[in-house]
Each structure stands twice: as structure tokens, then as C-alpha cells.
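Everything on this sheet refers to the single structure shown next.
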Amino acid sequence: MNDNVSTTALDADWWRQAAVYQIYPRSFADSNGDGMGDIAGVTSRIGYLSDLGIDAVWLSPFYPSALADGGYDVDDYRNVDPRLGTLDDFDAMVGAAHAANIKVIADVVPNHSSNRHEWFKAALAAAPGSPERARYHFFDGQGENGELPPSDWPSHFGGPAWTRVTEAAGENAGKPGQWYLHLFASEQPDLNWDNPEVREDFHTTLRFWADRGVDGFRVDVAHALVKDMTLPLRSKPTLEIKVDDGTDALFDRDEVHEIYAGWRSVLNEYDPPRTAVAEAWVPFTHRRLRYARPTGLGQAFNFDLLQAPFDATAFRDIVTRCLAEAEASGASSTWVFSNHDVIRHPSRYSLPDGTDGAGQDAWLLSGGREPAGDPARGLRRARAATLFMLSLPGSAYLYQGEELGLFEAADLPAESLQDPTWFRTGNKIKGRDGCRVPLPWNASEANFGFGGSPWLPQPEWFAGHAVSAQDGAPDSTLELYRSALAWRRTLQSAESLEWVSEPDATLAHYRRPNGWTVLTNFGTAPAELPAGVDASKIVVASGTAAGPTTMVPGETTLWIAP
Ligand code: GLC
4 MNDNVSTTAL DADWWRQAAV YQIYPRSFAD SNGDGMGDIA GVTSRIGYLS
54 DLGIDAVWLS PFYPSALADG GYDVDDYRNV DPRLGTLDDF DAMVGAAHAA
104 NIKVIADVVP NHSSNRHEWF KAALAAAPGS PERARYHFFD GQGENGELPP
154 SDWPSHFGGP AWTRVTEAAG ENAGKPGQWY LHLFASEQPD LNWDNPEVRE
204 DFHTTLRFWA DRGVDGFRVD VAHALVKDMT LPLRSKPTLE IKVDDGTDAL
254 FDRDEVHEIY AGWRSVLNEY DPPRTAVAEA WVPFTHRRLR YARPTGLGQA
304 FNFDLLQAPF DATAFRDIVT RCLAEAEASG ASSTWVFSNH DVIRHPSRYS
354 LPDGTDGAGQ DAWLLSGGRE PAGDPARGLR RARAATLFML SLPGSAYLYQ
404 GEELGLFEAA DLPAESLQDP TWFRTGNKIK GRDGCRVPLP WNASEANFGF
454 GGSPWLPQPE WFAGHAVSAQ DGAPDSTLEL YRSALAWRRT LQSAESLEWV
504 SEPDATLAHY RRPNGWTVLT NFGTAPAELP AGVDASKIVV ASGTAAGPTT
554 MVPGETTLWI AP
């Protein structure tokens with residue numbers, strides 16, 4: 004057990020403006036050479052994370068799993084996948100992180116277990132109507148012989164959200180029987196949150212990890228737990244959320260907040276209280292913020308900048324609105340450009356302006372060839388956007404490898420792909436493997452220093468992005484992140500900002516009371532530094548000026564000290 008948990012009152016608020024680094028454990032660092040990153044690999048890189056200057060790590064699932072969805076199909080919520088290590092390794096990792104003043108956030112996946120979870124195995128072995136089945140959503144099918152799914156709901160990864168089982172017990176033993184609900188892959192059966200046993204068990208899980216020193220939780224698909232399963236099941240042929248009043252059949256129902264009020268009580272048993280951040284893809288900000296209330300999880304991901312065009316007005320509007328809304332909810336805002344579910348942002352920004360989600364999918368399917376991107380521009384914009392984001396009040400979520408300026412590995416060979424989306428769409432949507440390729444640590448070592456032969460192949464161009472290639476190189480993206488994260492500790496102040504001028508191509512804001520100025524030129528042409536800004540005080544820049552230092556280069560952010 005780990006008792007190295009700090010308890011000062013100040014620490015209780017650590018999350019409000021934290022820089023949180025997301026680790027995708029299987030792709031971070033492989034300590035035993037089996038080609039899969041592991042917990043000891045994380046421990047071995049705590050020095051790197053500490054030098055980077057982040058405040059916390061969030062680990063995507065490291066639990067026992069068949070990896071039908073990269074570990075988001077959990078066999079056992081209170082253990083470590085043996086391929087990734089042991090609970091002792093986990094404790095050692097938490098101890099090392101805490102010793103380096105880094106908090107640890109675990110990913111909790113409450114909407115569904117895996118089909119290998121002991122509960123689901125018991126449900127399959129039991130008869131319809133049994134208590135074992137009541138932990139999931141088992142329904143009879145429609146049609147004369149129950150041969151049609153109980154409703155028209157689709158799965159997020161393609162195909163229907165229902166799978167029919169062959170009964171093992173009861174009067175229909177040996178025959179096709181009931182159907183179970185899975186909003187994701189068929190290996191991810193949805194849990195029934197109306198069942199008190201399910202609710203109680205997750206309290207046990209939260210305490211299990213909090214007792215081991217985990218400082219907070221990231222809550223997977225937080226908006227989906229409660230569904231309207233009254234018969235007849237309602238029609239919902241797409242997964243879009245169209246109503247903002249809590250009456251959607253599947254998502255963001257008001258009752259879900261009773262669950263999180265219960266979780267908050269559990270999290271508040273600890274000193275300091277454990278934090279939580281909801282992954283709630285709810286299109287209405289006022290609804291999303293309900294997850295972020297102090298009486299709920301406390302924070303919610305905000306994907307607005309991630310989905311916005313690289314545009315001064317769009318960025319300014321989002322920041323203004325989100326800061327006001329965060330203040331009203333009592334949470335702090337969150338910001339994110341990349342994670343394990345989206346195309347890495349230097350690649351997104353390299354695509355022609357106006358490329359939408361479908362266009363991005365098509366680009367991936369073409370192996371990153373169509374439409375042609377401009378990688379130099381993509382990286383330039385990504386560095387400017389990140390430096391802008393790191394200057395904002397609130398917490399910044401960074402995804403492993405973005406500090407190396409990694410692009411999406413868009414041309415992974417088809418036979419290497421693992422994302423269930425690829426299979427469930429009949430190879431029409433490639434999915435998320437391209438942002439999950441194991442990290443390049445050392446350009447001159449085998450597998451770029453990751454460890455064994457990686458579970459997803461690393462492209463040759465990773466060599467130029469390796470930590471060894473960027474360490475100490477002043478213009479590298481790694482050094483930009485290091486310097487920004489170090490200065491950020493000085494820049495962070497009250498959770499507000501003041502816009503300096505009306506936006507045109509260049510956006511400028513002050514942080515008060517510290518008085519830092521941050522300028523982003525969203526246009527391609529250099530812009531004049533605003534009057535009163537002292538060029539000699541520029542301490543961090545996402546790009547360098549070729550001409551006079553009184554100009555802000557195109558697609559560049561500058562931090563100017565007070
Ligand atoms: C979340 C995760 C994603 C996963 C899904 C199902 O959106 O971020 O990776 O596939 O939930 O658990």
C-alpha cells in the first residue's frame with residue numbers, strides 16, 4: 004500500500020490548473036521486452052515526466068483485458084493486467100510518481116465490463132430472468148422467434164448494439180435466446196446501473212484504488228450509464244444526442260447524476276478528496292457542466308478547442324464561454340487537443356481547412372494521402388495552439404507523444420490494425436490505432452528504445468521525433484513543452500483572463516494578477532506586436548521570427564513576461 008499521499012489544504016485544489024499527461028500504458032515504455040508497454044516502464048520514465056514539468060499522469064486502463072477495445076474492455080476492475088505487471092508494480096509506480104510530486108489518475112470504465120468479466124460469464128451461464136442476468140441488459144428479441152434485436156440502436160463502433168446469445172440454462176438451453184446490449188463492441192456488455200449491486204461494486208473499486216494512493220479518476224463515457232429501458236424500447240437509429248433536457252433514451256439522463264453524487268461521497272472520504280473528470284461527449288455545454296459540479300465528479304472534459312478550426316474568433320468564443328460556464332459550475336475548465344481517441348493534432352491541422360470528421364476518416368483510410376496535408380503547417384499550428392492552451396486558466400490535458408510533435412501514423416499496414424471500429428465497420432473506418440503507436444525514446448536503439456518489438460509498428464520517421472533527437476535541441480517541440488510547462492507555473496494565477504483587443508488574426512490576452520501577455524497570430528502573415536508589448540520579454544515562442552522581433556510570425560504563439 005502507498006501512504007505517500009500529501010494532505011495539505013492547498014493540495015486539495017491541485018487539479019484546478021494542473022497539466023495532466025495521459026499515458027496509454029501499452030504504448031509508453033516496455034520494461035520487459037515483450038513489445039507491450041507496462042507499469043514498470045512508466046516507473047522507469049518518472050524522471051522524464053518530472054523534467055517535462057507535468058503535475059499529474061492519467062493512465063488509460065491497465066486492467067486485465069483481452070484488448071478487444073485497447074483495454075476499455077475490463078475483465079477485473081481491481082487488478083493489473085499480468086502483461087503490464089502486478090499490483091506491487093502499480094504501488095511502486097505510484098510511490099515513484101508521488102516522490103516526484105506527480106499525481107496519479109486512474110481510468111474507470113463503468114458503462115460496460117468486458118465479456119470475460121466474471122459477472123458476464125455468470126450471466127451467460129444463467130437463465131433469462133436470473134439475478135446474474137440483471138447486472139446487464141438482457142432482453143428478448145423482436146420478431147416471431149425473437150430473431151430481431153430488441154431495438155434499432157447502433158453501436159459506437161459500427162453494427163448493431165445488440166448481440167444474441169445461445170442459452171446455456173433454462174427451458175431454451177442450447178438454442179438462440181436473449182440479446183444483450185453493448186453500446187460499443189460486442190465484447191463490452193453494458194452494465195445495468197439500476198442494479199444496486201453494480202453501484203456498490205464501483206464504490207468498492209473507487210476505494211480500492213484510492214486506498215492505494217490514486218489521486219483521481221477519469222470516468223469513461225460518463226454520460227451513458229443510465230438508460231431508459233422501459234418497454235417498448237424507444238427507436239433511436241443514430242447515437243446523436245438531440246435533446247438537452249435529459250430525456251434522451253441512452254445518454255445524459257438526469258438520473259446519472261445520482262450515481263455521481265454517490266461517487267462524490269466516496270471520493271470525499273479521502274484527504275485530500277479524490278478528483279474525478281468526466282468523459283461526457285454531451286453537445287450542450289450547460290448539460291456537460293452538470294458532471295463538473297463540486298457535488299458531482301468535479302470536472303468534465305471539454306473537447307471544444309479540439310473540434311474547432313484554427314481560427315482566432317472561434318478560439319476566443321470558446322474560451323470566453325467555457326471560462327464563464329466553469330465559473331458558474333464551480334469547476335475549473337479543461338482543455339485538450341489530443342488523446343487516444345482522435346487524430347493527433349499536428350496531423351489534423353495539416354489537413355486543408357474545413358476538413359470535417361468524415362474527411363478525416365477518409366484521409367486515414369487513404370493512408371494519409373488524400374487530401375494531401377501540409378505537415379510543416381500542421382506542426383506549426385499545433386505548437387501555436389498548444390502554447391495558447393497552456394496559457395489558459397484551468398487544467399490542460401496532454402497526450403503522450405504530443406510533446407514530441409508526433410503526427411498520426413496514418414499508413415499503418417491493414418494487418419496490424421486493432422481498433423474494433425476497423426472490424427465492425429467492415430474496414431470502412433480505420434479507427435484510432437494511428438495515435439497509439441509506441442513512443443520513440445531513442446533514435447539509435449532497436450524499436451527506438453521503446454522495448455521489445457512493438458505491438459503496433461513504428462514508422463521510420465519516428466526516429467526524427469525521438470526524445471534523443473530533441474533533448475537539448477532549442478527549437479524542438481520537446482524543449483518547447485518543457486519550457487512552457489516550467490514557465491506555466493509562474494504564469495498561472497487567478498482562473499480568469501482579460502482579452503487585450505478585439506480579435507482579428509491575432510489574439511492577445513493578459514493573465515491577472517501576474518500580468519503575463521500571450522499573443523497568438525492565427526494568420527499566415529507576420530503581425531506587428533501590439534503597442535506596449537516589450538519584445539525583449541518574450542520567454543516562450545512556438546516559432547521563431549525570421550525578421551525583426553517586433554513582429555509575431557504567422558501561426559505562432561508568444562508568451563511575454565510581465
Ligand atoms: C471512451 C474511451 C474510448 C473507448 C470507449 C469505450 O470513449 O476513451 O477509447 O473506446 O470509451 O470504452
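Quick note: the sequence shown uses the numbering used here, first residue 4, plus one each step.
The beta carbon of each residue, even a glycine, is placed where N, CA and C say it ideally should be.
Report task. State the Cα-Cα distance for the pair Asn118 and Asp72, rounded to the nearest angstrom. Result -> Locating residue 118 in the sequence shown gives position 115, counting from the first residue. Locating residue 72 in the sequence shown gives position 69, counting from the first residue. Cα-Cα distance, rounded: 12 Å.
Query - Contact set for Thr10: own chain, Cβ-Cβ below 7 Å, skip 5 residues either direction - result: Translated into positions along the sequence shown, residue 10 becomes position 7. Here Thr10 scores only 41 on pLDDT, less than 50, and its place in the model should not be relied on; the value that follows carries that caveat. Excluding sequence neighbours, Thr10 sits near Asp274 and Pro275.
Requested in this report: Tell me whether Ala511 sits in a helix, a strand or coil according to DSSP, three-state version.
Outcome: Locating residue 511 in the sequence shown gives position 508, counting from the first residue. Ala511 falls in the strand class under three-state DSSP.
Query raised in the report: Since Pro179 is in the beta strand (DSSP E), which residue starts that stretch and which ends it?
Result: Taking the sequence shown and counting its residues from 1, one reaches residue 179 at position 176. Looking at the DSSP string, the run of the beta strand (DSSP E) that includes Pro179 is Pro179 to Leu184.
Query raised in the report: Between the region 72-89 and the region 111-125, do three or more beta carbon pairs fall short of 8 Å?
Result: Cβ pair count under 8 Å is three or more, so yes.
Query raised in the report: Using the beta-carbon count (16 or more within 10 Å), is Thr523 buried or exposed?
Result: Counting from one through the sequence shown, the residue named residue 523 turns up at place 520. Counting other Cβ atoms within 10 Å of its Cβ, Thr523 reaches 16 or more and is therefore classed as buried.
Query raised in the report: What number of angstroms, rounded off, separates the C-alpha of Arg319 from the C-alpha of Trp425?
Result: Start at 1 with the first residue of the sequence shown, and residue 319 comes out as number 316. Start at 1 with the first residue of the sequence shown, and residue 425 comes out as number 422. When rounded, the distance between both Cα atoms is 36 Å.
Query raised in the report: If Ser332 sits next to Leu390, beta carbons under 8 Å apart, how far is it from one beta carbon to the other, in whole angstroms?
Result: In the sequence shown, residue 332 corresponds to position 329, counting from 1. In the sequence shown, residue 390 corresponds to position 387, counting from 1. Actually they are not in contact, since the Cβ atoms of Ser332 and Leu390 sit about 26 Å apart, beyond 8 Å.
**Report entry** Cβ shell of Glu258 (< 6 Å), same chain only, five flanking positions each side left out
**Finding:** Taking the first residue of the sequence shown as position 1, residue 258 is located at position 255. Answer for Glu258: Val229, listed in chain order.
Report task. With a 10 Å radius around its C-beta and 16 neighbouring C-beta atoms as the bar for buried, classify His159 as buried or exposed. Result -> Looking up residue 159 in the sequence shown gives position 156. Buried, by the Cβ-count rule.
Query raised in the report: Between the region 249-256 and the region 213-233, do at least 3 Cβ pairs fall closer than 8 Å?
Result: yes
Requested in this report: Quick one: residues with CB closer than 5 Å to any heavy atom of ligand 2, in chain order, please.
Outcome: You won't find ligand 2 in this model; what it holds is ligand 1.
Report task. Specify, as a first and last residue, the run of the alpha helix (DSSP H) that Tyr352 falls within. Result -> On the sequence shown, position 349 is the one that residue 352 refers to. Element bounds for Tyr352: His348 to Ser353.
Requested in this report: Inspect the CB distances between the region 165-177 and the region 129-138 and report whether three or more fall short of 8 Å.
Outcome: yes
Query raised in the report: Do the region 558-565 and the region 529-543 touch if we need at least three Cβ pairs shorter than 8 Å?
Result: yes
Query raised in the report: Between Leu354 and Pro374, what straight-line distance do the alpha-carbon atoms span, to the nearest angstrom?
Result: The count along the sequence shown starts at 1 and reaches residue 354 at position 351. The count along the sequence shown starts at 1 and reaches residue 374 at position 371. Cα to Cα, the separation comes out at about 7 Å.
Query raised in the report: Grouping DSSP H, G and I as helix and E and B as strand, with all else coil, what is Leu442?
Result: For the purposes of this step, residue 442 is identified with residue 439 of the sequence shown, where counting begins at 1. Here Leu442 sits in coil by DSSP.
**Report entry** Whether Arg485 touches Leu55 by CB criterion (7 Å)
**Finding:** Residue 485 sits at position 482 when you count from the first residue of the sequence shown. Residue 55 sits at position 52 when you count from the first residue of the sequence shown. Yes.
Requested in this report: State the beta-bridge partners of Tyr402 as determined by DSSP.
Outcome: As a working note, residue 402 is residue 399 in the sequence shown. In the DSSP output, where bridge partners are listed per residue, Tyr402 has Gln25.
Query raised in the report: Which residue comes first and which comes last in the alpha helix (DSSP H) that contains Lys124?
Result: In the sequence shown, counting from the first residue as 1, residue 124 sits at position 121. Segment Glu121 to Ala128, the alpha helix (DSSP H) holding Lys124.
Query raised in the report: Closest by CA to Gly578, which one among Leu494, Ser504, Pro529 and Phe304?
Result: No answer is possible for residue 578: the residues shown for the chain start at 4 and end at 565.
Query raised in the report: What residues are listed by DSSP as bridge partners for Lys3?
Result: The shown model of the chain, from 4 to 565, leaves out residue 3, and the question about it has no answer.
**Report entry** Close beta carbons around Glu405, own chain, < 6 Å, minus the five adjacent residues each side
**Finding:** If you number the sequence shown from 1, residue 405 lands on position 402. Excluding sequence neighbours, Glu405 sits near Ser341.
Query raised in the report: Under the DSSP definition of a beta bridge, which residues are partnered with Asp193?
Result: The residue given as residue 193 occupies position 190 in the sequence shown. According to DSSP, which records beta bridges pairwise, Asp193 is partnered with His115.
Query raised in the report: Can you check whether the CB of Thr298 is closer than 7 Å to the CB of Arg267?
Result: Taking the first residue of the sequence shown as 1, we reach residue 267 at position 264. Taking the first residue of the sequence shown as 1, we reach residue 298 at position 295. Their beta carbons are under 7 Å apart, which means Arg267 touches Thr298 by this criterion.
Query raised in the report: When DSSP builds the beta bridges, which residues end up paired with Thr520?
Result: On the sequence shown, residue 520 is found 517 positions in, with the first residue counted as 1. Per DSSP, the beta bridge partners of Thr520 are Tyr513 and Ile563.
**Report entry** Thr278 burial status per 10 Å Cβ neighbour count (16 or more: buried)
**Finding:** Translated into positions along the sequence shown, residue 278 becomes position 275. Label assigned to Thr278: buried.
Requested in this report: Return the residue from the list Arg138, Ala103 and Ser63 that minimises the CA-CA distance to Asp582.
Outcome: The structure shown has nothing for residue 582, since the chain only spans 4 to 565.
Query raised in the report: For Asn107, which of Trp18, Trp165, Arg372 and Ala497 has the nearest alpha-carbon?
Result: Counting from one through the sequence shown, the residue named residue 107 turns up at place 104. Note that residue 107 is Val in the sequence shown here, rather than Asn. Taking only the C-alpha atoms, the option nearest Val107 is Trp18.
Query raised in the report: Who pairs with Lys579 in a beta bridge, going by DSSP?
Result: This structure cannot speak to residue 579, because the chain is shown only from 4 to 565.
Query - Span separating the alpha-carbon of Leu194 from that of Ala317 - result: For the purposes of this step, residue 194 is taken as residue 191 along the sequence shown, with counting starting at 1. For the purposes of this step, residue 317 is taken as residue 314 along the sequence shown, with counting starting at 1. Going from the Cα of Leu194 to the Cα of Ala317 covers about 38 Å.
**Report entry** Minimum length 4: unbroken alpha helix (DSSP H) runs contained in the region 321-395
**Finding:** If we require 4 residues or more, the alpha helix (DSSP H) runs fully inside the region 321-395 come out as 348-353, 360-368 and 378-393.
Query raised in the report: Helix, strand or coil for Pro67 per DSSP?
Result: By 1-based counting over the sequence shown, the position of residue 67 is 64. Of the three classes helix, strand and coil, the one that applies to Pro67 here is coil, per DSSP.
Query raised in the report: To which residues does DSSP link Gln302 through a beta bridge?
Result: Counted from its first residue, the sequence shown places residue 302 at position 299. Note: Gln302 sits in a beta bridge opposite Val280.
Requested in this report: May I have the straight-line CA-CA distance separating Asp91 from Ala466, to the nearest angstrom?
Outcome: Start at 1 with the first residue of the sequence shown, and residue 91 comes out as number 88. Start at 1 with the first residue of the sequence shown, and residue 466 comes out as number 463. If you take the alpha carbons of Asp91 and Ala466, they lie about 33 Å apart.
Query raised in the report: Do three or more CB pairs link the region 31-38 to the region 453-461 at distances below 8 Å?
Result: yes
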